[in-house]
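Let me begin by presenting the structure, written as structure tokens, before commenting on it.
Residue numbers (this note's numbering): 42 to 168.
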């Protein structure tokens, strides 16, 4: 997957995981990756810039990522939820049902697959 001149957003408060995801995204061809450790910083970033893709953790500093996921959805940004837990609609809510869900830790191949699914899903919701 070559993403020339494309940017990505990574939201994760676990810096080693965030840097690993950043490296994988760069390896997948993204030109720039913004790494932020909090919901408020992600929302601030989104008020100034629109990434071409996003990989966000469900739990960040004691908060869930719903405000960020909602903003990304509104912007039409393909988004992957990267979490240490499997998706459970009873726990995570139906809001997150449409997002590809990727377990931690993940491989480059699994990330590429989840991003492809997010891009396909984004095309369906914006067409």
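The beta carbon of each residue, even a glycine, is placed where N, CA and C say it ideally should be.
Distance, Cα to Cα, residue i vs residue j?
| i | j | result |
| --- | --- | --- |
| residue 79 | residue 110 | 13 Å |
| residue 128 | residue 89 | 30 Å |
| residue 59 | residue 138 | 23 Å |
| residue 154 | residue 117 | 19 Å |
| residue 62 | residue 164 | 23 Å |
With 16 as the cutoff for other CB atoms within 10 Å, does residue i come out buried or exposed?
| i | result |
| --- | --- |
| residue 136 | exposed |
| residue 92 | buried |
| residue 146 | exposed |
| residue 64 | exposed |
| residue 120 | buried |
Quick one: what does DSSP say residue i is sitting in, helix, strand or coil?
| i | result |
| --- | --- |
| residue 85 | helix |
| residue 94 | strand |
| residue 50 | strand |
| residue 135 | helix |
If distances are taken between C-alpha atoms only, which option among the options comes closest to residue i?
| i | options | result |
| --- | --- | --- |
| residue 73 | 53, 141, 57, 46 | 46 |
| residue 56 | 156, 94, 77 | 77 |
| residue 140 | 113, 150, 49 | 113 |
| residue 52 | 116, 123, 129 | 123 |
| residue 54 | 70, 153, 48, 81 | 81 |
| residue 67 | 84, 149, 143 | 149 |
Along the alpha helix (DSSP H) that carries residue i, what are the first and last residues, could you check?
| i | result |
| --- | --- |
| residue 147 | Run containing residue 147: none; DSSP gives neither H nor E here. |
| residue 109 | 107-116 |
| residue 64 | 56-68 |
For the beta strand (DSSP E) containing residue i, list its first residue and its last residue.
| i | result |
| --- | --- |
| residue 73 | 73-77 |
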